[in-house]
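Chains as they are written, first to last, in the working numbering: chain A, 1 to 338; chain B, 1001 to 1338; chain C, 2001 to 2338; chain D, 3001 to 3338.
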């Protein structure tokens, strides 16, 4: 590159002189183009491209307490409108979805409290969100019931994690529920670490009671061929990643195993790369593996997903307009699959 | 507190079903109330309250490369509309303001480049912003000229850092300039570490040439009584802090020395408290010193100020509406003071 | 508390005037007692107490690329000497252990490289560690072989994740292997997200070939009652946590489900609490759940575990001396259990 | 590079089987070579090389509360033994040094306290360190006395920040004091933001009382030619940087202004680059400016300096041995200069 190639496009300074829509602000961020503002505007562009690409399957990876904190309806709506085609989540997020589906709540709390007082009151704290123990307990009872039912119906046949979430969604009637929305929309929800959540504790109850005489059997590996097949059959794949951990790794590994590599990638995280963990690893690093294509549209936004993700969604929905309809490339095929 | 006091207000989930203004999104964040979204909405509320409080002086502390990255016009406009009454900045930010005022530019670049190539091309990198060396050089010439002029005019009398920025603003004609806007609006700009920037390098040139026979003399301590007096005379004080370092510390110390303590405080930072530095210290910690009142409206937003600050401004300007005019409590008194 | 209670013990300043052992340095950190140094010395004290407590079961949670980066032998030795009683890990760490056990290697690389070049060379990057694809492939072949074998032997019976790692350890002969050491020492290794790793990809190969006619069946939930039972039967429990994610959550949830709560807890992480994820949540927060006791010896060290953990181990082994032998409270009972 | 060039040197796993000296542990870190362990061992190597290079001037940049937290004696000793040739610090660190020099103390406290209680008790908190207000007050009295004295002696002549610290060091008798050690060893201490600290508040007292009839005059810019000249006259320059902010920027700018560029650079920080601030900027970025040479020995260690810096010092002193004496290349020339 010549010298002039480096200094072509001046930073345009942000100007706010009245009411702005979210996307108008993001357009200003694009014009400035720098630091977090540049990254965030790029993330909006990439998600928009994913949605406009008729041959792209969009994965959403969910780690961190995104449901307790208030993104439940947002995600349910994205699923229902098919702005997300596949979800890979921590168990906990779907537990929290189910807690509300069976009548429980998350409460606005505070982070600076005496946790021993909460402990004695049987209130669990998730940073500044409180959940009463009885809402977990209520869910436990419901889950044991559902597990007994599934165990009876499946009759020894094992389920994959996405079949498991499909069975849950089928049994929940709350229209704001992610699990329900996914069931209705034919969007598979994979829980690669399903056991590491209240779903596991409920299993423990279910197993110790053995009411139905039969045990729920979720095959730890069974969902893997399914998610790999989705990547394989999609002409293009994109991922929206909230946080890191197992959900991010599972989506990326599916892209690798299918020898496709992601075509679009947005990661929202606060983790950093230098300590070497997957969660903070750069999108450049994923290129070495083939998890994301070298030529992919990709950006990592460093920030709190509770701020960043709603902004991206608001900006892109504004761009797409009310008449935009998105038809998924892969059609639902029932029992947790597409 | 009774148990029920902890679980009173359920988290309301965010819902985005079409075009939203920035403040409409922030209202959703307030309803969810959790994690970064809750903090950000609280920051908007607090800045709104500062502006509506007719007896509050609003301090803006600027650290980090906020001007190179695109917040120059935003800040200049806030000053002009008196939504900021006092600025405390790193030297560098005002250097970058002056670079553009004398015709230089900042350019959109990339962080993943070969810096040795940039070095050979005489292009300086600030993360993903590029600045050509000649734009610094052009400023250097201008500054030496200005320093000679100030040295002659002041005739051995020392300047405080805010008198120094006032003298600069007086000589810059660019209406988008922060220095100019502050000069015109009578908003003092304090640079407690003025020497640690290109202003210092220009001094070195000025001092080695001694064209005018006289030397600019900025008294390191002289601005301190001035900023303390501002706090003292203001019935209430508020601070909007971008980053940490000297600007944050200077504002907080003024609140301490004046025995007032801040009544409102918003800090935007990515620093964390556990390593013990001032930049990441919590607002609770500042209460122990008396820098911020225990009863103050205060919040720390963990995030990139390039994303967070424009959102706060957009949200609050939308709330205030076009007809809102704010008159500063302390009236400008010329030569860098209020 | 009276005023004097707050200002009793002055910070003693660190002094280094010659050769120091690791624990001598840590004793200086204890005397200064502040910021990271204080936290690190507290972590050493707590791990020492865990090891000297004859009725304590010590859990090690492993997230992040600790094995690729060079902690394989360290952890294997800790297991062999029973300074760790139970391991909960990401799948990946055990994959990397197995890669070396079957003759592969990790290589010192660099983080600032062209990842597309690596991609074309079939070299995978983990921050500044490189792994050639063929070392993964070699492992895949071996794993498929082992899976076929296990599938035949287990004959439709499902395995828990710890039975799975026990079967692996049984078949690996490398004495530096964590899997092997655990097998020999009767230390269970739980992989709650076993599928989210090369173990999953190998399953996919195994399943698509069906050489043996039978399929490996790992029951996602089956390890849960086992780990809960370990907590329940231990008079006291302690955890050493590297990183967050599923391993940390699994250990903490076992402490909760068993209604014991951890008596000792050391967490090494770079994650921060404000974004609300489990990985960065404070030890105070865990108290509200009952995962860690309010009165527990507990500390979170903010830092890179590759630096922090070896220091803790070196400091504590020095304190314990060569003659110290630790007998686990719970005795091994074969097939992946204690 | 050929493929084989990327995979030459296997990671050697850390092994701890008994008492280790600090440098023995660091040698293990070098053998593993990865993540933070690799960076930390590289930092030790680079500091060792600085000290063995007879033509290198070693700068120490100090930001963050390193003195309150326990590194006062460590730094004083490094200065006395001339393992540091020039110090650039925040004002606050030298304030805290002076507090102890006049009989005050810092106390081990806790971060989780009610700061309003501390406020009422007149105890200031610095994360988990407490300082009673009266120790600041005691220093204020002493400083006003000293300022009066300097004002009288200097008789209207301005001081540079390093002359100011030299005058302080001259008047303090505590042999553990950094200011005193620097005065005795002829090591200049620059405080580019001297005013942003209790030194500023004491100036305010001094100025409002005007006991001596004369005012201390510290010229904000005067130290700049002095530090640039040091870089210029040194055949080689190296920097050990704790934290970021003004101290880091001042040292780097001196290297730039002198057209030398640093030959050695170690930075210890927790800041990250993506938000664009100087404090988190990479060493690669500094190369674009010419602040650090492209070919320099350089590394950034991501971690708490309270842990990292003592380890580096201990490791390097062990390597150098007791007989090692270092003679500075630039000889002291009195009144704060070399």
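Virtual Cβ for every residue (Gly too), placed ideally from N, Cα, C.
Take the alpha-carbon of residue 88/A and the one of residue 2066/C: they are about 24 Å apart.
Non-local beta-carbon contacts of residue 2069/C in its own chain, meaning distances under 7 Å to residues more than five positions away in sequence, involve 2129 and 2306 in chain order.
If the five residues before and after residue 2294/C are omitted, its C-beta is found closer than 7 Å to the C-beta atoms of 2287, all from its own chain and listed in chain order. Taking residue 1072/B as the centre and dropping the five residues before and after it, the same chain places the C-beta of 1097, 1100, 1176 and 1178 closer than 7 Å to its C-beta, in chain order.
When DSSP states are grouped into helix, strand and coil, residue 121/A belongs to the helix group.
Under the 8 Å Cβ criterion, the stretch 156-163 of chain A counts as touching the stretch 216-235 of chain A, having at least three qualifying pairs. Within the DSSP bridge table, the entry for residue 238/A names 58/A and 264/A as partners. The beta carbons of residue 2276/C and residue 1201/B sit about 44 Å from each other, so the pair does not count as a contact at 8 Å. Residue pairing by DSSP places residue 2089/C opposite 2062/C in a beta bridge.
For residue 284/A, a Cβ of chain C is located within less than 8 Å of the residue's own Cβ.
The Cβ atoms of residue 1299/B and residue 313/A lie no closer than 8 Å to each other. Its Cα nearest to that of residue 2056/C, the residue 2234/C stands out among 2234/C, 2266/C, 2316/C and 2303/C. Distance from the CA of residue 7/A to the CA of residue 273/A, rounded to the nearest whole angstrom, comes to 28 Å. Residues of chain B with a Cβ closer than 9 Å to the Cβ of residue 2036/C are, in chain order, 1274, 1275 and 1276.
For residue 328/A, the closest C-alpha among the options 104/A, 24/A and 78/A is that of 78/A.
Chain C has a Cβ within less than 8 Å of the Cβ of residue 1302/B.
Exclusion of the five residues before and after residue 3030/D leaves 3041 as the residues of its chain whose Cβ lies within less than 7 Å of its Cβ.
Within the stretch 183-197 of chain A, the residues whose Cβ lies closer than 7 Å to some Cβ of chain C are 192, 193, 194, 195 and 196, listed in chain order. Using a Cβ-Cβ cut-off of 8 Å, residue 2290/C counts as an interface residue toward chain A, since at least one Cβ of chain A sits closer than that to its own. For a cut-off of 8 Å, the C-beta gap from residue 3263/D to residue 3238/D is around 6 Å, short enough to register as a contact. Check the Cα spacing between residue 110/A and each of 1301/B, 1033/B, 1247/B and 1334/B: the tightest is with 1033/B. Under the DSSP assignment, residue 1310/B falls in the alpha helix (DSSP H) whose first and last residues are 1305-1320. Contact between the stretch 43-62 of chain A and the stretch 317-328 of chain A is present: three or more C-beta pairs spanning the two stretches fall below 8 Å. In the three-state scheme derived from DSSP, where H, G and I count as helix and E and B as strand, residue 160/A is classed as coil. Taking a Cβ-Cβ cut-off of 9 Å, residue 2269/C has no neighbours in chain D, whose nearest Cβ is about 12 Å from it. Distance from the Cα of residue 213/A is smallest, within the candidate group 153/A, 284/A, 117/A and 134/A, for 153/A. In the structure shown, the three-state DSSP call for residue 131/A is strand.
Burial check for residue 171/A: the Cβ neighbour count within 10 Å reaches 16 or more, so the residue is buried. Cβ neighbours of residue 1074/B within its own chain (closer than 7 Å, five residues either side excluded): 1310 and 1313.
Taking a cut-off of 8 Å on C-beta distances, the stretch 180-188 of chain A does not touch the stretch 130-139 of chain A, as fewer than three cross pairs fall below it. Excluding the 5 residues flanking it on each side, residue 3142/D has same chain C-beta neighbours closer than 7 Å at 3102, in chain order. The residue from 1216/B, 1220/B and 1304/B with its alpha-carbon nearest to that of residue 1241/B is 1304/B.
When 2208/C, 2174/C, 2082/C and 2279/C are compared, the shortest CA-CA separation from residue 2338/C is found for 2082/C.
In this structure residue 3335/D is exposed. Its beta-carbon is surrounded by fewer than 16 other beta-carbon atoms within 10 angstroms. Here residue 1150/B carries a helix assignment [DSSP, helix/strand/coil].
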